[in-house]
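> What follows is a structure written as structure tokens; I'll ask about it next.
In UniProt numbering, the protein residues as written are 1 to 237.
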């Protein structure tokens with residue numbers, strides 16, 4: 001589980017742990033990982049890794065191989081977005097988002113494959129921004145659209161391996177990162193998102209975790225290559 005120390009990633013990790021799985025979460029900050037591992041309890045573990053660095057990912061998978069063995073479920077969750085309207089987009093913001101959200105996914109999935117066997121499952125956490133990015137989120141939306149097209153190709157590349165790969169794409173979800181993205185306008189931003197939703201609210205991390213757990217499980221054994229939107233219908237409205 002990349003990006004598993006907070007928000008949606010942590011909710012997915014907690015759901016998996018409650019199902020009796022041994023969970024390994026990764027992130028860039030040791031203190032946040034330690035807090036997450038403590039909350040998860042059991043035999044959860046945390047590994048410091050930066051998904052935007054292939055060398056860091058290589059070291060992470062080497063540690064997993066030597067200390068934990070095969071990967072049965074990979075959840076590629078690490079990612080982030082930066083608000084910037086056209087005319088205010090910087091090269092640094094562009095690079096950060098594509099390095100984390102696209103390059104990070106590519107080398108996370110590619111690095112995990114040698115540790116996965118038939119019957120394993122990959123779940124990528126995308127975003128409804130892949131089809132409905134909204135103003136100021138063009139680059140973030142572009143990264144999520146790129147991920148959708150990566151999976152369209154990979155589902156064919158994985159033919160015969162017995163490994164399934166799917167995307168869960170959350171809509172606005174009640175996390176600290178969402179509030180931070182709005183800054184001092186958080187309450188107005190949340191009100192706008194609630195008003196846009198056909199069911200009149202934004203999602204909770206636990207709701208996204210339920211969808212991710214389904215896609216990862218044998219209950220979804222005939223589900224492969226989909227992008228499942230978990231957004232209360234907002235992206236379709």
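By construction, the Cβ of each residue, glycine as well, lies at the ideal position given by its N, Cα and C atoms.
Which residue comes first and which comes last in the alpha helix (DSSP H) that contains residue 169?
Premise fails: residue 169 lies in the beta strand (DSSP E), 164-170, not in any alpha helix (DSSP H).
> Here's the rule I'm using: 16 or more other beta-carbon atoms within 10 Å means buried, otherwise exposed. How should residue 181 be labelled?
Buried, by the Cβ-count rule.
> Which of the three DSSP states, helix, strand or coil, is assigned to residue 177?
If DSSP states are grouped into helix, strand and coil, residue 177 belongs with the helices.
> Within the segment 83-111, note down every full alpha helix (DSSP H) run reaching 4 residues or more, in order along the chain.
The qualifying runs are 91-98.
> Taking C-alpha atoms, which residue in 223, 228, 29 and 39 lies nearest to residue 11?
Of 223, 228, 29 and 39, the residue nearest in Cα terms is 39.
> Quick one: Cα of residue 17 to Cα of residue 87, how far?
Approximately 44 Å between the Cα atoms of the pair.
> DSSP state of residue 204, grouped into three classes?
Three-state result, residue 204: coil.
> For the beta strand (DSSP E) that residue 74 lies in, which residues bound it at each end?
Looking at the DSSP string, the run of the beta strand (DSSP E) that includes residue 74 is 73-76.
> Which residues bound the beta strand (DSSP E) around residue 47?
Residues 45-48.
> Going by DSSP in three states, residue 2 sits in which element: helix, strand or coil?
It is a strand residue.
> Can you list, in chain order, the residues of its chain whose CB lies under 7 Å from that of residue 112, leaving out five sequence neighbours each side?
For residue 112, where only same-chain residues beyond five positions count, the Cβ hits under 7 Å are 61, 71 and 74.
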